[in-house]
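Visitor:
Numbering (the UniProt record's numbering), first residue to last: 1 to 488.
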């Protein structure tokens, strides 16, 4: 693409002489001859420091925020490099979002499950749909590796350019919104699941977190609409705000005023519930394949969105009965000895409590909980999560999650302090995650349920003792490679 054409969303004057641009990069290490380099100020590094490196590698042009003179290649100063990256990425890939009906899902918990449900329902109704999510990306029916909940604007536009699907459903994280990764993308629907304690290492407080989440609805197209959970106090605040802006809002919850109302549910089998559309007489019995009250809300969000997309309720009900679930979300592994494992991604206080309450109610067994905390992440939620685990579980094994640059010694010290002060006599420390799972396996009996949370389907970043890559791999390895002698 010619530089003149690429830069047209940012500048109006013609660029002479025109230059061929092969690719866009915002990491200097990836720059090759003929690329344009976008210098971005990050949280630990400033891309402006690497402009010289980018030029030495053959960058044909530079974009940045600083006032720089006498560079040997064209330089374009912008007010916001992240915004410029989004606009240039869209330009480079010929504005690919415009050929899709974009669906953005934000919230603390439930984004992934809701996104998977929406995709499944639309495809069940023979409507093609791409998925961009924490777990995996699906483009034209092919699974691609996911690198982030919301990819960089450069990767996002590349994925959109590859997709031939009519709709694209994507998770939109607060980090993605704050860092303008969806810059220039117009959404047909924005969906808000909930907001609870999380990411307060990144956001100053819950109000700032909420304000960042609300930016999704600034990205709605002229005919766009919002779908909001009215059972969440922050959802009610969002509803009021959007209606004041005269943005169409559709709500799901338990009130008669909701566009989709939960009428009742089975106390014993919480995956069965009855709903009704506002203004319609017919009621519908939903039989969900995934347990948990929180998954009722995820399903209601997906149902309301699918209805707004023109899918009939009968097809929606059929789809949800056969929905296969989401990798790493309430995945159960049952051994013939009677011992069961449950793997889940729960990593926030609210998410953990909802998950453990569901397991406690469904599994009439001794609960052994294995989990840890990510280095350089929100430490303010750790005591609360320990309280929740010790309330629901009989034993706690604290272990390593991703250290993210924190030393093993420092993390072990923190885990020991949490175990002593907040473990209520139930907690032990086994830092090797695979050894922690192995220990629980060796000391469990047929009346035990071993719960592993925090990573879900994610691969291990640390080196552990067993030759496995995920929590599920470790369970399967123990089932097949290690004979269980103790069956009490």
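All C-beta atoms, glycine included, are put in the ideal place defined by N, C-alpha and C.
(1) Name the DSSP beta bridge partners of residue 460, please?
(2) Helix, strand or coil for residue 226, going by three-state DSSP, please let me know.
(3) State yes or no: is the C-beta of residue 460 within less than 7 Å of the C-beta of residue 469?
(4) Between residue 423 and residue 153, what straight-line distance do the alpha-carbon atoms span, to the nearest angstrom?
(5) Terminal residues of the continuous alpha helix (DSSP H) containing residue 369?
(6) Can you pull the DSSP bridge partners for residue 448?
(7) Could you tell me whether the Cβ atoms of residue 164 and residue 140 are closer together than 7 Å?
(8) Assign residue 255 to buried or exposed, taking buried as 16 or more other Cβ atoms, counted over all protein chains shown, within 10 Å of its Cβ.
(9) In angstroms with no decimal places, state the Cα-to-Cα distance between residue 178 and residue 311.
(10) Looking at the structure shown, is residue 350 part of a helix, part of a strand, or coil, going by DSSP?
(11) Taking the continuous beta strand (DSSP E) assigned at residue 262, which residues delimit it?
(12) With DSSP run on the structure shown, which of helix, strand or coil describes residue 116?
(13) According to the Cβ coordinates, are residue 100 and residue 172 closer than 7 Å?
(14) Taking the continuous alpha helix (DSSP H) assigned at residue 43, which residues delimit it?
(15) According to the neighbour-count rule (16 or more other Cβ atoms, all chains shown, within 10 Å of its Cβ), is residue 18 buried or exposed?
(16) Could you check whether the region 286-303 touches the region 96-115, counting it as contact only if at least three pairs of C-beta atoms, one from each stretch, sit closer than 8 Å?
(17) Assuming residue 219 contacts residue 104 (C-beta within less than 8 Å), just tell me the rounded distance between them.
(18) What are the complete beta strand (DSSP E) segments, minimum 3 residues, inside the region 144-190?
(19) Let's test the definition: count the other Cβ atoms within 10 Å of the Cβ of residue 135 and tell me whether it reaches 16, buried, or not, exposed.
(20) Mind checking residue 342: buried by the 16 CB within 10 Å criterion, or exposed?
(21) Given residue 488, which residues of its chain have a CB within under 6 Å of its CB, disregarding the five upstream and five downstream residues?
(22) Give me the Cα-Cα distance between residue 486 and residue 480, rounded to the nearest whole angstrom.
(23) Helix, strand or coil: how does DSSP classify residue 310 here?
(24) Please identify the residue among 129, 332, 210, 64 whose C-alpha is closest to the C-alpha of residue 74.
(25) Looking at C-beta atoms only, is the number of pairs between the region 85-99 and the region 179-199 that lie closer than 8 Å three or more?
(26) Indicate whether residue 425 and residue 401 have their beta-carbon atoms separated by less than 7 Å.
(27) Just to check my reading of the structure: residue 250 and residue 227 have Cβ atoms closer than 8 Å, yes? What is that Cβ distance to the nearest angstrom?
(28) Since residue 102 sits in a beta bridge, which residues does DSSP pair it with?
(29) Quick check: what's the CA-CA separation for residue 266 versus residue 394?
(30) Under three-state DSSP, which class holds residue 83?
(31) Please specify which runs of the beta strand (DSSP E), each continuous and at least 3 residues long, are wholly inside the region 377-405, giving them in chain order.
(32) To the nearest angstrom, report how far apart residue 432 and residue 399 are at their CA atoms.
(33) Over the uninterrupted beta strand (DSSP E) stretch that includes residue 131, give me the two end residues.
(34) Can you pull the DSSP bridge partners for residue 37?
(35) Can you look up residue 487 in the DSSP assignment and give me helix, strand or coil?
(36) Inspect the beta-carbon positions of residue 392 and residue 421 and report whether they are closer than 7 Å.
Guide: According to the structure data:
(1) For the purposes of this step, residue 460 is taken as residue 460 along the chain shown, with counting starting at 1. DSSP, once it has assigned bridges, lists no residue as partnering residue 460.
(2) Position 226 of the chain shown, counting from 1, holds the residue named residue 226. Residue 226: strand per DSSP, three-state reduction.
(3) Here the question's residue 460 lines up with position 460 in the chain shown. Here the question's residue 469 lines up with position 469 in the chain shown. Closer than 7 Å, so yes.
(4) One-based indexing of the chain shown puts residue 423 at position 423. One-based indexing of the chain shown puts residue 153 at position 153. Their backbone Cα atoms lie some 42 Å apart in a straight line.
(5) The residue given as residue 369 occupies position 369 in the chain shown. For residue 369, there is no enclosing alpha helix (DSSP H); the residue is part of the beta strand (DSSP E) that begins and ends at 366-371.
(6) Numbered from 1 along the chain shown, position 448 holds the residue referred to as residue 448. As a beta-bridge residue in DSSP terms, residue 448 pairs with 366.
(7) As a working note, residue 164 is residue 164 in the chain shown. As a working note, residue 140 is residue 140 in the chain shown. For residue 164 and residue 140, yes; Cβs fall inside 7 Å.
(8) Along the chain shown, one-based indexing puts residue 255 at 255. The C-beta of residue 255 has fewer than 16 other C-beta atoms within 10 Å across all chains shown, which makes the residue exposed.
(9) The sequence position of residue 178 within the chain shown is 178, counting from 1. The sequence position of residue 311 within the chain shown is 311, counting from 1. Distance between the alpha carbons of residue 178 and residue 311 is about 33 Å.
(10) For the purposes of this step, residue 350 is identified with residue 350 of the chain shown, where counting begins at 1. Looking at residue 350 - three-state DSSP - the assignment turns out to be helix.
(11) Within the chain shown, residue 262 is the residue found at index 262, counting from 1. Counting along the chain, the beta strand (DSSP E) containing residue 262 begins and ends at 260-265.
(12) The count along the chain shown starts at 1 and reaches residue 116 at position 116. In the structure shown, residue 116 sits in a helix (DSSP, three-state: H, G or I).
(13) One-based indexing of the chain shown puts residue 100 at position 100. One-based indexing of the chain shown puts residue 172 at position 172. No.
(14) On the chain shown, residue 43 is found 43 positions in, with the first residue counted as 1. Per DSSP, residue 43 belongs to no alpha helix (DSSP H) and is neither H nor E.
(15) Taking the first residue of the chain shown as 1, we reach residue 18 at position 18. With fewer than 16 Cβ atoms within 10 Å of its Cβ, residue 18 is classed as exposed.
(16) In this structure the region 286-303 lies against the region 96-115, because at least three pairs of beta carbons, one per stretch, are closer than 8 Å.
(17) Start at 1 with the first residue of the chain shown, and residue 219 comes out as number 219. Start at 1 with the first residue of the chain shown, and residue 104 comes out as number 104. Yes, they are in contact, since the Cβ atoms of residue 219 and residue 104 sit about 7 Å apart, within 8 Å.
(18) For the region 144-190, whole beta strand (DSSP E) runs of length 3 or above, ordered along the chain, are 167-171.
(19) In the chain shown, the residue the question calls residue 135 occupies position 135. Residue 135 is buried by the Cβ-count criterion.
(20) Within the chain shown, residue 342 is the residue found at index 342, counting from 1. Taking a 10 Å sphere around the C-beta of residue 342, we find 16 or more other C-beta atoms and assign the residue as buried.
(21) For this step, residue 488 is matched to residue 488 along the chain shown. Since pLDDT at residue 488 reaches only 42, below the 50 mark, its modelled position is unreliable, and the value read off the structure follows with that caveat. Excluding sequence neighbours, residue 488 sits near 445.
(22) For the purposes of this step, residue 486 is identified with residue 486 of the chain shown, where counting begins at 1. For the purposes of this step, residue 480 is identified with residue 480 of the chain shown, where counting begins at 1. Note that residue 486 scores a pLDDT of 48, beneath 50, so its modelled location is shaky and nothing firm can be said.
(23) Numbered from 1 along the chain shown, position 310 holds the residue referred to as residue 310. If DSSP states are grouped into helix, strand and coil, residue 310 belongs with coil.
(24) Against the chain shown, residue 74 aligns to sequence position 74. Nearest to residue 74 by alpha-carbon distance, out of 129, 332, 210, 64, is 64.
(25) With the cut-off at 8 Å, the region 85-99 and the region 179-199 touch.
(26) The count along the chain shown starts at 1 and reaches residue 425 at position 425. The count along the chain shown starts at 1 and reaches residue 401 at position 401. In this structure, residue 401 does not lie closer than 7 Å to residue 425 by Cβ.
(27) On the chain shown, residue 250 is found 250 positions in, with the first residue counted as 1. On the chain shown, residue 227 is found 227 positions in, with the first residue counted as 1. The pair is a contact, with the Cβ atoms about 5 Å apart (cut-off 8 Å).
(28) Within the chain shown, numbered from 1, the residue matching residue 102 stands at position 102. Listed as beta-bridge partners of residue 102 by DSSP are 168.
(29) By one-based count along the chain shown, residue 266 stands at place 266. By one-based count along the chain shown, residue 394 stands at place 394. Approximately 27 Å between the Cα atoms of the pair.
(30) The residue given as residue 83 occupies position 83 in the chain shown. Note: residue 83 maps to helix in three-state DSSP.
(31) Taken in chain order, the unbroken stretches of beta strand (DSSP E) that lie wholly in the region 377-405 and span 3 residues or more are 395-398.
(32) The sequence position of residue 432 within the chain shown is 432, counting from 1. The sequence position of residue 399 within the chain shown is 399, counting from 1. If you take the alpha carbons of residue 432 and residue 399, they lie about 6 Å apart.
(33) As a working mapping, residue 131 is identified with position 131 in the chain shown. Going by DSSP, residue 131 is part of the beta strand (DSSP E) stretching over 129-132.
(34) Position 37 of the chain shown, counted from the start, is the residue given in the question as residue 37. The secondary-structure analysis by DSSP pairs residue 37 across a beta bridge with 25, 62.
(35) Taking the chain shown and counting its residues from 1, the one referred to as residue 487 is at position 487. The predicted position of residue 487 is uncertain, since its pLDDT is 47 and thus under 50; no value can be drawn from it.
(36) As a first step, residue 392 is located in the chain shown; it is residue number 392 there, counting from the start. As a first step, residue 421 is located in the chain shown; it is residue number 421 there, counting from the start. No. Outside cutoff.
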